Structures are given as C-alpha cells and as structure tokens.
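Peer 1:
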Amino acid sequence: MNTLTLGTSDSAGTLTLPHQRAASHDTGAFDDIVDELSAVLFSLLGRRDRRVRAEQYLRGLLTTPGRKSIRNIAARLGGAGVDQSLHHFISSSAWDWRPLRIALADHIEQTAAPRAWVVRPIHIPKAGRHSVGVDEQFAPHLGQVFRGQQALGVWLASPELSAPVNWRMVLPGPWTNDPERREQAELPEGTGAESAGECAVSAAVEMARLWGIPHRPVLLDLRRRGDISTATEQLTAGGVPFLIRISPSSRMAVADPALPGHRAGSLPAQRVLELVKGMRIPVSWPDAAHGNTARTSLAATVPVAMPGPLRSKPRRLLLLGEWSDPAQPPSQMWITDMTHASVGSLLRLAKLNGRVEQDLARIGDRVGLRDFVGRSFRGWHRHMTLASVAHTAIALSTCG
Numbered sequence: 001m002n003t004l005t006l007g008t009s010d011s012a013g014t015l016t017l018p019h020q021r022a023a024s025h026d027t028g029a030f031d032d033i034v035d036e037l038s039a040v041l042f043s044l045l046g047r048r049d050r051r052v053r054a055e056q057y058l059r060g061l062l063t064t065p066g067r068k069s070i071r072n073i074a075a076r077l078g079g080a081g082v083d084q085s086l087h088h089f090i091s092s093s094a095w096d097w098r099p100l101r102i103a104l105a106d107h108i109e110q111t112a113a114p115r116a117w118v119v120r121p122i123h124i125p126k127a128g129r130h131s132v133g134v135d136e137q138f139a140p141h142l143g144q145v146f147r148g149q150q151a152l153g154v155w156l157a158s159p160e161l162s163a164p165v166n167w168r169m170v171l172p173g174p175w176t177n178d179p180e181r182r183e184q185a186e187l188p189e190g191t192g193a194e195s196a197g198e199c200a201v202s203a204a205v206e207m208a209r210l211w212g213i214p215h216r217p218v219l220l221d222l223r224r225r226g227d228i229s230t231a232t233e234q235l236t237a238g239g240v241p242f243l244i245r246i247s248p249s250s251r252m253a254v255a256d257p258a259l260p261g262h263r264a265g266s267l268p269a270q271r272v273l274e275l276v277k278g279m280r281i282p283v284s285w286p287d288a289a290h291g292n293t294a295r296t297s298l299a300a301t302v303p304v305a306m307p308g309p310l311r312s313k314p315r316r317l318l319l320l321g322e323w324s325d326p327a328q329p330p331s332q333m334w335i336t337d338m339t340h341a342s343v344g345s346l347l348r349l350a351k352l353n354g355r356v357e358q359d360l361a362r363i364g365d366r367v368g369l370r371d372f373v374g375r376s377f378r379g380w381h382r383h384m385t386l387a388s389v390a391h392t393a394i395a396l397s398t399c400g
C-alpha cells in the first residue's frame, strides 16, 4: 500500500513535525510508527481511494496548524478537489469506523501493554445549534453548565502513555426524540438518549463483549453521574473488573466484623474510611503531570457491602481511600470488585486517570479531538476515530 510521508522537510530531506523538532524526537521512528498504523488500520477500508483519503486525513491531523477542520486540513494538503473529497470521505462515505477502532485497540495492546480502560468525558463548546448533540449540558468536572457537545472516550492507559480507542456521544432527548433533528444528523435507527454515566458504562461493556481484546479494569468517575449499583451490575455482567470513583456521601456498610463500624449499618464512604485511619499505609505512585515523578500518599482499603438492585443481596466490594494530607479527610475514594488486589496496586491503577488527563492536554487537543465541524453523527465518529489514530502515533513515538 502506498503511504504518505508526514511533516515538513529539513535541510537534510528528513521530514519532521513541529512537536518533534521541539522535543528532538527520532523522526524516522515516528514515520515508521505512522506507516505501520496506516498499513494495519487502513487496509480494513478495502477500496484504494478510501485508504488514500484516510492517510491524507491522518497527515492533515498531524501537520495542520490550528483547528483541524476539514477545510483547514484540505488547505494544508493542497490540490484541487481535496476539500470536497475529504468532506465526502468523512461525512458521507459508507465506511464503518468500528473495525478500525478494534484494530487500533489491538495494536496498542501488542505495543504498549495497557493496564486499564479509562473512561474520560470531554466537553466541546459550540456556538451554533446544528451540530449533532449540541445542547445545554452539565460538565461535572467543571461544576457548570455549558452549551455544546459532550462525549465519553475509552482510553487504553499505562503509566507511560494513553490513547483513546472508543467514543460515545451523549445525545440529549431533544435530539433523539425529534424526527427532523434525527434526520438532519443521520442518527442510526435505534439510537436513543443516554446519560453520561450510561454512555460510559455501555462503551466499556461493548468493548468487552465484542472487541476480542483482553479485558482490563475499567476506571470510571461516577461522583455526579449515574447509578452506581446499576453500573457495577452491568460491568460485572460484561465481565469487566472496575474501579469507580465515588462521592464521599455514597453509602455502604462495613462488611468485615473485625473492623470498626461493622454494626453501624449504612454509612457515608468518607465516614467508613475515617473509622479505619489506623490501617493506612504509604503508597508510591508515578505522577504523570510531572514526568512520572514518584509521589507518596496514604491509602487504605475496607471490605464493604453496597445495596444492589431490588430484591438482590448487597454486593461485596472493596472501598479504597487516599489521603493526600494525613490530617484531613480522604481526598479521593473508589469502589472496586478486585477484592484480592493490594492497596498499592489499586491506588496506582487509579492514578492512570492522571495519565489520560495529561495526554489529552498534551496530544489530544493538538490532533483535533474537539475540532470536528459538521452536523453528521457518522462524520463525528469517523473524525474521532482518525484523530485517535493520530493521537496514538504521537503517544507511541514520545514514550519510546
């Protein structure tokens, strides 16, 4: 398969991307990574014209300065008709993005040894009203309402790198219940409204059931979204271990008769952890925001029981707490079904969310994860798929 060479030429004829010049990365190795990803993934598109367009779009995502719109990418690549052909390839063509996502995940599994699937929301402000999914939406991590699109990405993460492989868009009721809007956005039949929490769970369960890749623990944040009991039931049914961040007010009962609070009934998670402060141990973990510098926190786990669906027995789980300041209440807390895992391994797993945050800021926004301009639901998914490939190429090159 013919491949497109990326970047701009230096005096020696070597093609270099701007971020590589600044960081002195091995440009030959980077081009090899991009060529390999193109060969592995785009062969699934079948037709040669689609393979060429996919490589063009990937090149544009990696080299176009500023916003990665189809118009800007086409202007960067040059040539008559590029804008129209790329617009058709992304928004109107019939190729299915799902096989590419599965192949991308399998490639990352083989090359980067991910330890978790981290589900992370992204919020995309939009001034207009015609782009698919745009509405007044609440961003939990911002604590405010914004106008735009909300999506959930599933990232394969290790301490060294992370990359998104699956995406779900939160579709509010005004989009799924309005026939005119459904037709405008070309929503597939059967696509219904889902909350952010439901999107997060269903994206992970879909991967576990249909993708044929090793199941990794799923990291979710359900402090302000979703039903924790329902989420844990669905993830368990899908065969996916989980580590879910919860709010201090989430209620549960101490399940070990030897521990304080066992006879106190249902208690807030923060209170449960405060009762076992004497069990805390120091745990070292890599801080992705500061070059994986080693940090140390105090942490403890407590066997707990959480209420399940109606007429079912309470679920036996493990409550994990972290204290960044020993004199203050626990700063973060999670529940998990990995009841035999050590305190240290669980906390280090939880910290992979920081790896994703860092890589989204460092790479994801630069390759256009928030930049799709268009009304098409399918177009958005195709753009996000190819932007995920671009993100993966940079992530693999920068982590060596």
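No gaps in the numbering here: position 53 of the sequence shown is 53 in UniProt numbering, and each next residue is one more.
Note that the Cβ used here is the ideal one computed from N, Cα and C, for glycine as well.
All figures in this text were calculated on a predicted structure; none of them were measured in a lab.
1) State the start and end residues of the unbroken alpha helix (DSSP H) segment that holds residue 345.
2) Just verifying my parser: in three-state terms, what is the DSSP assignment at residue 232?
3) Could you please give the first and the last residue of the uninterrupted beta strand (DSSP E) stretch that includes residue 250?
4) Please report the straight-line C-alpha distance between residue 148 and residue 168, rounded to a whole angstrom.
5) Going by DSSP in three states, residue 114 sits in which element: helix, strand or coil?
6) Work out the CA separation of residue 63 and residue 397 for me, nearest whole Å.
7) Among the residues of its own chain, which have a CB less than 6 Å from the CB of residue 73, if the five just before and after it don't count?
8) Buried or exposed: residue 203, going by 16 or more other Cβ atoms within 10 Å of its Cβ?
9) Whole angstroms is fine: what's the gap from residue 302's alpha carbon to residue 320's?
10) Decide if residue 88 is buried, meaning its Cβ has at least 16 other Cβ atoms within 10 Å, or exposed.
11) I'd like the span of the beta strand (DSSP E) that includes residue 221, first residue to last.
12) Could you tell me which residues DSSP pairs with residue 138 in its beta bridges?
13) Would you kindly check if the distance between the Cβ of residue 171 and the Cβ of residue 193 is under 8 Å?
14) Which of the three DSSP states is assigned to residue 71 in this structure?
15) Could you tell me which residues DSSP puts in a beta bridge with residue 321?
16) Name, in chain order, the residues that DSSP records as bridge partners for residue 242.
17) When the Cα atoms are used, what is the spatial distance from residue 104 to residue 386?
18) Can you check which of these residues, 259, 236, 269 and 196, is closest to residue 249 by C-alpha distance?
19) Please identify the residue among 227, 343, 109 and 128 whose C-alpha is closest to the C-alpha of residue 201.
20) In whole angstroms, what separates the C-alpha of residue 119 from that of residue 348?
21) Closer than 7 Å by C-beta to residue 280: which residues in its own chain qualify, once you throw out the five before and the five after it? Chain order, please.
22) Here's a check: name, in chain order, each residue in its chain whose Cβ is nearer than 8 Å to the Cβ of residue 390, leaving out the five neighbours to either side.
23) For residue 430, which of helix, strand or coil comes out of DSSP?
24) Could you spell out the range, first to last residue, of the beta strand (DSSP E) harbouring residue 163?
25) Looking at the unbroken beta strand (DSSP E) that takes in residue 92, where does it start and where does it end?
26) In the DSSP output, what is residue 293 paired with across the bridge?
27) Starting from residue 173, trace the alpha helix (DSSP H) in both directions and tell me its first and last residue.
28) At the level of alpha carbons, what is the spacing between residue 232 and residue 379?
29) At the level of alpha carbons, what is the spacing between residue 374 and residue 129?
Peer 2: Judging by the given coordinates:
1) 343-350
2) helix
3) Note, residue 250: premise wrong, no beta strand (DSSP E); not H, not E.
4) 15 Å
5) coil
6) 15 Å
7) 60 and 64
8) buried
9) 7 Å
10) exposed
11) 218-221
12) 145
13) yes
14) helix
15) 300 and 333
16) 218
17) 10 Å
18) 269
19) 227
20) 16 Å
21) 298, 299, 300 and 323
22) 58, 61, 62, 367 and 368
23) Residue 430 is absent from the structure shown; the chain starts at 1 and stops at 400.
24) 162-169
25) Counting along the chain, residue 92 falls outside any beta strand (DSSP E), and DSSP gives it neither H nor E.
26) 287
27) 173-176
28) 32 Å
29) 11 Å
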